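Q: I am attaching a structure below and will ask some questions about it afterwards.
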Amino acid sequence: MTSGLLITLEGIEGAGKSTVARWVVEWLGKHSIRAHLTREPGGTELAERVRRIVLERGSETVSATAETLLMFAARAIHLDNLIRPALARGEWVVCDRFTDATRAYQGAARGVDRTWIEALARRVQGDLEPACTLLLDLPVPVGLARARSRQSGPADRFEAETQAFFEQVRAGYLEQARREPRRIHIIDAAAALEDVQRQVTAVLARMAPAAEGEA
Ligand code: Z5A
C-alpha cells in the first residue's frame with residue numbers, strides 16, 4: 012500500500028482556511044481519495060485540550076517560548092495519534108494549519124528564534140513534511156473584517172492581536188513561500204470563493220492522478 016499525503020492550509024485569521032479545507036476534502040472524495048479533515052493546534056482529544064490552554068486568555072503570562080512549546084506538544088500528539096496512522100493506511104490528511112503557522116506566528120510575529128523552531132520541527136516531525144501547502148493570502152484588513160463579522164464570544168489570545176501583528180504573520184508566510192516555492196502554493200484568497208476553489212483545483216489536480224485534465 013502506498014502511503015497517503017499530507018496537505019496543509021495556512022493563512023492569517025479569516026483567510027478562509029476552514030471553508031477551503033472542507034471543500035478540499037469533498038473534492039478529494041469525488042476523486043475517490045479518502046481524506047481526513049483535521050486542524051492545529053488540536054485534531055485529537057488530547058491535542059484539543061492543549062489548544063484550549065494555548066488560546067484562552069487567562070491571568071497568567073504565556074511567553075512566546077511557552078506558546079511555541081505548546082504548539083509543538085499538540086503537534087507531536089496529533090502526529091502520533093492521527094496524522095501518521097492515517098498516512099500509513101494510505102489515507103490523505105487535510106490539516107488546517109501546521110508548522111508554517113509556528114514559523115509565521117511564533118517566528119515572524121513573536122520573534123522566536125527560527126533555528127530553534129526548525130530544530131523542534133525536525134524533532135517532532137522527523138522527515139514528514141506536507142506534500143503541498145495552500146497559503147491563502149489576502150490583505151490583513153480583509154481577513155480581519157471577515158473573521159470579526161463572524162466572531163461570537165470573547166476574542167481569544169490571537170484574535171485579540173493588532174493589525175500590525177497580523178501584518179508580520181502575513182509577511183512571515185510569504186517569506187516561507189519564497190523559501191519553498193515547490194511546496195507552498197500562494198492562493199489569492201481575496202477573490203470570490205468560486206475563484207479560490209478554481210485556483211485550488213489547479214493545484215490539487217497536479218497531485219491527484221485521477222483528476223488529471225480537470226485543472
Ligand atoms: N497558531 C499559532 O500561533 N501557531 C501554530 O503553530 C498554530 C496555530 C498551528 C487558532 O487557529 C490560532 O492558533 C490562530 C493561530 C494560532 N489564531 N489566529 N489568528 P485557527 O485556525 O483555529 O483560527 P483562525 O485563523 O482564527 O481561523 P478562522 O478565523 O476561522 O479563519 P479561517 O479558517 O481562515 O476562515 P473561515 O472560517 O474559513 O472563513 C472566515 C469567514 O469568511 C467565514 O464567514 C467564511 O464564510 C468567509 N469566507 C471564506 N472564504 C471567503 C471568500 N473567498 N470570500 C468571502 N468570504 C469568505
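Heads up: the sequence shown runs through residues 12 to 226, numbered per the numbering used here.
Think of the CB as a built atom: it goes at the ideal place given N, C-alpha and C, for glycine as much as any other residue.
Please read these numbers as outputs of a predicted model, since none were measured by experiment.
Could you tell me if Thr72 is buried or exposed, where buried requires 16 or more neighbouring beta carbons within 10 angstroms of its beta carbon?
A: exposed
Q: Mind checking who Ile23 pairs with in its DSSP beta bridge?
A: DSSP output for Ile23 lists no bridge partner at all.
Q: Thinking Gly183 and Ala120 are a contact (beta carbons under 8 Å), I'd like their distance in whole angstroms, please.
A: 6 Å
Q: Within the present structure, is the beta-carbon of Gln117 separated from the nearest heavy atom of ligand 1 by less than 8 Å?
A: yes
Q: Helix, strand or coil for Leu204 per DSSP?
A: helix
Q: Can you list the beta strand (DSSP E) stretches of 3 or more residues lying completely in the segment 92-120, in chain order?
A: 103-107
Q: Taking the alpha carbon of Ala32 as the reference point, which residue from Thr79, Ile64, Val105, Ser14 has its own alpha carbon closest?
A: Val105
Q: Rounded to whole angstroms, what is the Cα-Cα separation between Ala226 and Thr144?
A: Confidence at Ala226 is low in this model, with a pLDDT of 47, below 50, so the placement of that residue should be treated as unreliable; the coordinate-derived value is given next. Rounded to the nearest angstrom, the two C-alpha atoms are 17 Å apart.
Q: Going by beta-carbon coordinates alone, are Gly22 and Arg157 separated by less than 9 Å?
A: Cβ distance not < 9 Å, so Gly22 and Arg157 don't count as in contact.
Q: Roughly how many whole angstroms lie between the Cα atoms of Gly60 and Leu149?
A: In the sequence as displayed, the identity of residue 60 is Arg instead of Gly. Distance from the CA of Arg60 to the CA of Leu149, rounded to the nearest whole angstrom, comes to 30 Å.
Q: Per DSSP, His47 forms a beta bridge with which residues?
A: Val104
Q: Restricting to Cα atoms, I'd like to know which of Gly54, Leu20, Ser160 is closest to Asp199.
A: Leu20
Q: Under 8 Å from any heavy atom of ligand 1, does the C-beta of Thr113 make it?
A: Yes, Cβ of Thr113 sits closer than 8 Å to a heavy atom of ligand 1.
Q: Where do the N-terminal and C-terminal ends of the beta strand (DSSP E) with Leu39 fall, by residue?
A: From DSSP, Leu39 is part of no beta strand (DSSP E) but of the alpha helix (DSSP H) over 28-41.
Q: Mind the definition here: the segment 82-92 touches the segment 52-66 only if three or more C-beta pairs lie below 8 Å; say whether that holds.
A: A contact exists between the segment 82-92 and the segment 52-66.
Q: Taking 8 Å as the line, does the beta carbon of Leu204 fall inside it for any heavy atom of ligand 1?
A: In this structure, Leu204 has its CB closer than 8 Å to one or more heavy atoms of ligand 1.
Q: Measuring alpha carbon to alpha carbon, tell me which of Ser43, Ile94, Leu81, Ser70 ends up nearest Thr49.
A: Ile94
Q: Which residue from Gln117, Leu98, Gly54 puts its Cα closest to that of Ile44?
A: Looking only at Gln117, Leu98, Gly54, the smallest Cα-Cα distance to Ile44 is reached by Leu98.
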